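Written out below as structure tokens is the structure these notes cover.
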Amino acid sequence: DIAMYAAKALPGTAALHYDEDMTATSVGAELQDAIRDEQLFLLFQPIVALDEGHRVLGAEALVRWNHPVHGTLAPDAFIPVAERTGLIVPLGRWVLRASLRQLAAWPAGTLLNINISARDLREPDFAGAVKALIDEYGVTPAQITLEITESMPVEPGDSFTVLDELRTLGVKLALDDFGTGSSPLSLLHDVPLDEVKLDRTFTQADPDERVSVAAGVAHLAEALKLHAVAEGVETPQQAERLRELGYQAAQGYHFARPLPAADFEALLPVEASA
Ligand code: C2E
Ligand code: MG
Ligand code: MG
Ligand code: MG
467 DIAMYAAKAL PGTAALHYDE DMTATSVGAE LQDAIRDEQL FLLFQPIVAL
517 DEGHRVLGAE ALVRWNHPVH GTLAPDAFIP VAERTGLIVP LGRWVLRASL
567 RQLAAWPAGT LLNINISARD LREPDFAGAV KALIDEYGVT PAQITLEITE
617 SMPVEPGDSF TVLDELRTLG VKLALDDFGT GSSPLSLLHD VPLDEVKLDR
667 TFTQADPDER VSVAAGVAHL AEALKLHAVA EGVETPQQAE RLRELGYQAA
717 QGYHFARPLP AADFEALLPV EASA
């Protein structure tokens, strides 16, 4: 396990081979403790407007695990195990609560994107749990965008019910990592989406080679009246090209890395005084 953690914690290090079930069991047990003992924490990566002087619109909440032995772990080291063991549900509830508690402390117009799991959509009372947290912390539902990753696609049937319930609450829905998954385009039509997030593969692609994917997604978003956000913007050239293609917002290291709450808060526009 230690070798696995080290491999995943160091970017660029090749993943080691390990017994998947054994790892799932032991990491799962530790993760259960981590949720209970508040070893998880959130970073907030700013999302900026591309057409308004890069004004900060809000953030995406990104979870980290402050592991007692291995130090700070990125989600790639534990989200897959959480998905396999079902711990993604309590982990996701922790993330939602911590996110909304934080959002309540920020200016009223601040937007927050929160990643959820396809597994959440199979929990019959997921929308009810979201509503209870919204009420508890007194945030406005439209401040919240829940991100569903395209690599864990939603399935037809009951998951759509939960999505409709979330939409009815006034919460917004985004399809994350768009372009990397295998969702049929009909999904964009059938799921009540508000936003698509272009995966960084296409943001960062050589403009001569694959700009057509970024452009195609922009056209699709415009036709379906979806907010288009580009992920993984690392250069001013990428930011300018995406703006020209019609993306309204972006996030990426060019603007800011995922930040502790206080550092993010310092970037927010000062609240208008009466
Ligand atoms: P994501 O939702 O697509 O989040 C964006 C990821 O891209 C983040 O990685 C972020 O740090 C990284 N990133 C942002 N800008 C740049 C850039 O300019 N260049 C590069 N190379 N990377 C950039 P992170 O924080 O490691 O999260 C990885 C994934 O883990 C997320 O991808 C998301 O799918 C998942 N995840 C994170 N937090 C949560 C959570 O609370 N719940 C669930 N279910 N999944 C989460
Ligand atoms: Mg995301
Ligand atoms: Mg993404
Ligand atoms: Mg991604």
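Counting in the UniProt record's numbering, the sequence shown runs from 467 upward without gaps. Just so you know, even glycine gets a beta-carbon here, dropped at the ideal spot from N, CA and C. Fair warning: this is a prediction, and the values are worked out from it, not measured in the lab.
Continuous alpha helix (DSSP H) assignments of at least 4 residues falling wholly in the region 521-574
545-551, 554-570
Any non-hydrogen atom of ligand 3 within 7 Å of residue 643 CB
yes
Buried or exposed: residue 663, going by 16 or more other Cβ atoms within 10 Å of its Cβ?
buried
Per-residue DSSP class, three states only, for residue 510
strand
With distances taken Cα to Cα, identify the nearest neighbour of residue 583 among 577, 552, 605, 594.
552
In angstroms with no decimal places, state the Cα-to-Cα distance between residue 668 and residue 494.
33 Å
Touch test, the region 567-581 against the region 603-611, Cβ-Cβ under 8 Å, three pairs minimum
yes
Where does the unbroken alpha helix (DSSP H) through residue 669 begin, and where does it stop?
666-669
Assuming residue 699 and residue 644 make a contact with CB atoms under 8 Å, what is their CB distance in whole Å?
Not quite, the Cβ-Cβ distance comes to about 15 Å (not below 8 Å), so this is no contact.
Taking the alpha-carbon positions, what's the residue 497 to residue 563 distance?
17 Å
Residue 649 beta carbon near ligand 1 (any heavy atom closer than 7 Å):
no
Based on the DSSP secondary-structure assignment, which residues constitute the bridge partners of residue 612?
580, 639
Cα-Cα, which of 730, 722, 531 is closest to residue 502?
531
Which word fits residue 518, buried or exposed, when buried means at least 16 other C-beta atoms lie within 10 angstroms of its C-beta?
exposed
With DSSP collapsed to three states, give me the class of residue 477.
Because the pLDDT of residue 477 is 42, which lies under 50, any placement of that residue in the model is unreliable, and the number read from its coordinates should be weighed accordingly. Residue 477: coil per DSSP, three-state reduction.
Separation of residue 510 from residue 560, as counted between CA atoms
15 Å
To the nearest angstrom, how far is it from the Cα of residue 689 to the Cα of residue 636?
22 Å
Taking buried to mean at least 16 other C-beta atoms within 10 Å of its own C-beta, is residue 718 buried or exposed?
buried
Compute the Euclidean distance between the alpha carbons of residue 601 and residue 512, then round it to the nearest angstrom.
25 Å
Out of 696, 703, 535, point me to the one whose CA is closest to residue 714's CA.
696
Just curious, the beta strand (DSSP E) that residue 694 is in, first and last residue?
693-696
On the DSSP bridge list, what partners appear for residue 663?
695
Thinking C-beta only, is residue 568 closer than 8 Å to residue 508?
yes
Can you name, in chain order, every residue of its own chain whose Cβ lies under 8 Å from the Cβ of residue 739, other than the five neighbours on each side?
Residue placement at residue 739 is flagged as unreliable, the pLDDT there being 45, under the threshold of 50; the coordinate-derived value follows with that caveat. Hits under 8 Å: none found.
For residue 594, the first and last residue of its enclosing alpha helix (DSSP H)
592-603
Go ahead and pull the three-state DSSP assignment for residue 715.
strand
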